[in-house]
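Here the working numbering is used: the first residue of the sequence shown is 6, the next is one more, and so on.
Just so you know, even glycine gets a beta-carbon here, dropped at the ideal spot from N, CA and C.
Note that the structure is a prediction, hence the values are computed from the model and not measured.
Everything below concerns the one structure shown next.
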Amino acid sequence: GQDEFYFPLPYAQMDVCLYGKNRGVSAEIVARACDLTADHVRRVWADIDTKRTTTRYLQLAPLLIEPVAEITK
Numbered sequence: 006g007q008d009e010f011y012f013p014l015p016y017a018q019m020d021v022c023l024y025g026k027n028r029g030v031s032a033e034i035v036a037r038a039c040d041l042t043a044d045h046v047r048r049v050w051a052d053i054d055t056k057r058t059t060t061r062y063l064q065l066a067p068l069l070i071e072p073v074a075e076i077t078k
């Protein structure tokens, strides 16, 4: 579906995988909760890492040549 266009899983499974990754839950436990294999969960986690790395610049403050009064309060 549309939810799998950007993420490799439906939202419900992706949420559980993301929760497990962020909380340090083992791939085996997450896999059981998602009805996946542990290897599949590890691949999902690798995909999350890649997306986080390649989009890191979007989360950073802008680089400005000089201060802009309207945004530097």
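Residue i classed as buried or exposed, judged by whether at least 16 other C-beta atoms fall within 10 angstroms
i	result
Ala74	exposed
Leu14	buried
Ala36	buried
Short Cβ contact (9 Å threshold) for residue i with residue j
i	j	result
Val46	Ala66	no
Leu41	Gln18	yes
Task: the stretch 50–59 / the stretch 19–37 touching (three or more Cβ pairs under 8 Å) - done: In short, these stretches touch, since the Cβ pair count reaches three.
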